[in-house]
Amino acid sequence: MTLSGGLSRPGERDRPIIKFMEIDWTFCLLLCLIAGSGALMLFSIAGASWEPWADKHLLRFGLYFIMMIILAMVDLRVWFTLAYPIYGVGLLLLVAVEVVGDVSLGAQRWLSIGGFRFQPSEIMKIGVVLALARYYHGLSADSARFSWRLLVPAAMIGAPVLLVAHQPDLGTAMLIVMTGLAIVVLAGLSWRVIATGIIGALVAIPPFVLFVLHDYQRKRVLTFLNPEADQSGSGYHIYQSKIALGSGGLLGKGFGLGSQSQLNFLPEKQTDFIFATLAEEFGFVGCLWVLALYGVVIFMALRIASISHSHFGRLAASGVTATFALYVLINGAMVMGLAPVVGVPMPMLSYGGTVMMTVMIGFGLVQAVRVHRYTEVTSGKGSLM
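Letter by letter, the sequence shown follows residues 1 to 385 in this note's numbering.
The following block contains the structure:
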């Protein structure tokens, strides 16, 4: 007897070959196209050279792609069991950053262990998703809607956010907050509570900007509100980005012909502002192409979340997708001057291994939700239908 989705008999579902066939390879192809587009842009802005960015970008993607496939084979019940430990380890590493973290450009965000340098805040993006998904998996609909138990997810989100904001890393702190809130809302939070929270957040923004943010962060917000006030100083990034975006027109100036990036007028052209480089060389059409790829990836990931038989799987895949979508939204808005510059890269398009690793681990979880979509996860070891 054959079950829907291509699985034959319950006893065969754990066979590696069956799991491998259940991976969504169209989804994988889309990720390859995005990473390939990033490598193309990195090749261009380096003066038609694979070094120093494009070759490393492709190598990292290849390694993380293999890691994603391996993680996709991991049973969803294993992810469930490891949810709280991963969150706990991430929290301990954030505390370690406060004590022995590396300081770079005035921020203490990195840890060096055995010659490997990484940002623990990236681990927390996955840790928060897993921990919240596990917590809400065992919560009743009424409790998820509104009860004193909401204090637990609030603490789960708040603890890492405070530590990350203190580094300081406002962009990552924002991502963790918004991803956490997305999971809380998807879990069934009352719309009255959501409306009250939105009103409260709007009221809190002015005093937060005036009294909580660091001086340079406050300056970024003021620059966002009036970037033309200091075009050669604090507003330089946004001003040059807008020039690159506008000069590309409909079809762009052509591959390798972007003046803002090739002549180094555009800062952080390989990381935070690579989308502006894309717009300059490939124009509006090129931007639409890449945004369409992102949109299809987000749609497919949400589709995978919707077909999971477990509440944990649905929330975990949705949380990862929310993080990915927020990366795209915040970076796109930042490059266009619609949001302050907060150092959030365009995922898999920008150069940088840490963010790519986080995204690919997350998509490994999404693929695991698809591969093990028939797995029933319980508070114990779980069972297969």
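Even glycine gets a Cβ: it sits at the ideal position worked out from N, Cα and C.
Pick helix, strand or coil for residue i, following the three-state DSSP scheme.
i, result
"A48", "coil"
"T375", "strand"
"R145", "helix"
"K219", "helix"
"T179", "helix"
"H137", "helix"
"G249", "coil"
"L257", "coil"
"Q167", "coil"
"P206", "helix"
"K125", "helix"
"L349", "coil"
"G6", "Low per-residue confidence applies at G6: pLDDT is 40, beneath 50, and the placement is therefore not dependable, though the value from the model is reported in the following sentence. It is coil, neither helix nor strand."
"F265", "coil"
"P340", "coil"
"L151", "helix"
"M385", "Note that M385 has pLDDT 35, beneath the 50 cutoff, so the model's placement of it is unreliable and the number below is only indicative. M385: coil per DSSP, three-state reduction."
"S37", "helix"
"A173", "helix"
"Q367", "helix"
"S241", "helix"
"M360", "helix"
"R386", "Only positions 1 to 385 of the chain appear in the structure, and residue 386 is not among them; the question remains open."
"T26", "helix"
"A187", "coil"
"V328", "helix"
"G235", "coil"
"M1", "Bear in mind that a pLDDT of 34 at M1, under 50, signals an unreliable position, so the number given afterwards is only what the model happens to contain. Coil at M1, not helix or strand."
"L213", "coil"
"T196", "helix"
Quick one: Cα of residue i to Cα of residue j, how far?
i, j, result
"V177", "T323", "10 Å"
"S143", "P120", "31 Å"
"R390", "I307", "Outside the displayed span of the chain (1 to 385) sits residue 390, for which this structure offers no information."
"T45", "V103", "Note that residue 45 is Ile in the sequence shown here, rather than Thr. Those two C-alpha atoms are separated by around 28 Å."
"L278", "M68", "27 Å"
"A305", "V366", "7 Å"
"P207", "Q260", "37 Å"
"E376", "A131", "18 Å"
"L150", "K253", "52 Å"
"Y87", "V355", "18 Å"
"V400", "V89", "Residue 400 is absent from the model: the chain starts at 1 and stops at 385."
"L30", "V371", "18 Å"
"L187", "A48", "Note on identity: in this sequence residue 187 is Ala, with Leu being the wrong assignment. Their backbone Cα atoms lie some 48 Å apart in a straight line."
"Y374", "H311", "11 Å"
"T409", "L302", "In the structure as shown, the chain begins at 1 and stops at 385. Residue 409 is therefore absent and cannot be evaluated."
"L40", "A54", "7 Å"
"A154", "W148", "10 Å"
"G34", "V290", "The residue asked about is misnamed: residue 34 is Ile in this sequence, not Gly. When rounded, the distance between both Cα atoms is 7 Å."
"V320", "I126", "7 Å"
"R15", "L82", "22 Å"
"F118", "G248", "35 Å"
"I194", "R77", "31 Å"
"T196", "M174", "19 Å"
"A333", "Y236", "16 Å"
"V335", "V328", "11 Å"
"M156", "F20", "34 Å"
"C287", "G38", "12 Å"
"G364", "C28", "10 Å"
Would you grab the beta carbon distance between residue i and residue j for me? Rounded to a whole angstrom, and I think it's under 8 Å.
i, j, result
"E281", "L245", "Not confirmed; about 11 Å, so no contact."
"F368", "W79", "What sits at residue 368 in the sequence shown is Ala, not Phe. Going by Cβ atoms, the distance from A368 to W79 rounds to 6 Å, so yes, they are a contact pair."
"F265", "Q240", "5 Å"
"L349", "F275", "7 Å"
"S190", "F146", "4 Å"
"Q108", "Q167", "5 Å"
"G337", "K242", "6 Å"
"G352", "P345", "6 Å"
"V221", "V209", "5 Å"
So, does the CB of residue i fall closer than 7 Å to a CB anywhere in chain B?
i, result
"Y84", "Considering every chain present, this structure includes no chain B. It has just one protein chain."
Hey, is the stretch 59-74 in contact with the stretch 358-365, meaning 3+ C-beta pairs nearer than 8 Å? yes
In the stretch 39-119, which residue ranges form an unbroken beta strand (DSSP E) of at least 3 residues, counting only runs that do not cross its ends? 102-104, 107-113 and 116-118
Meets three-Cβ-pair contact criterion under 8 Å: the stretch 158-172 and the stretch 91-102: Using a C-beta cut-off of 8 Å, the stretch 158-172 makes contact with the stretch 91-102, since at least three inter-stretch Cβ pairs fall below that distance.
Stretch-stretch touch, CB-based, cutoff 8 Å, three pairs: the stretch 110-119 with the stretch 329-343: no
Could you check whether the stretch 72-85 touches the stretch 17-27, counting it as contact only if at least three pairs of C-beta atoms, one from each stretch, sit closer than 8 Å? Verdict: yes, contact present.
Validate contact between the stretch 122-138 and the stretch 198-207 using beta carbons, cut 8 Å, 3 pairs: no
Identify every run of the beta strand (DSSP E) within the stretch 274-324, keeping only runs that are complete inside it and at least 3 residues long; order them along the chain. Listed in chain order, nothing qualifies, since the stretch 274-324 has no complete beta strand (DSSP E) run of 3 or more residues.
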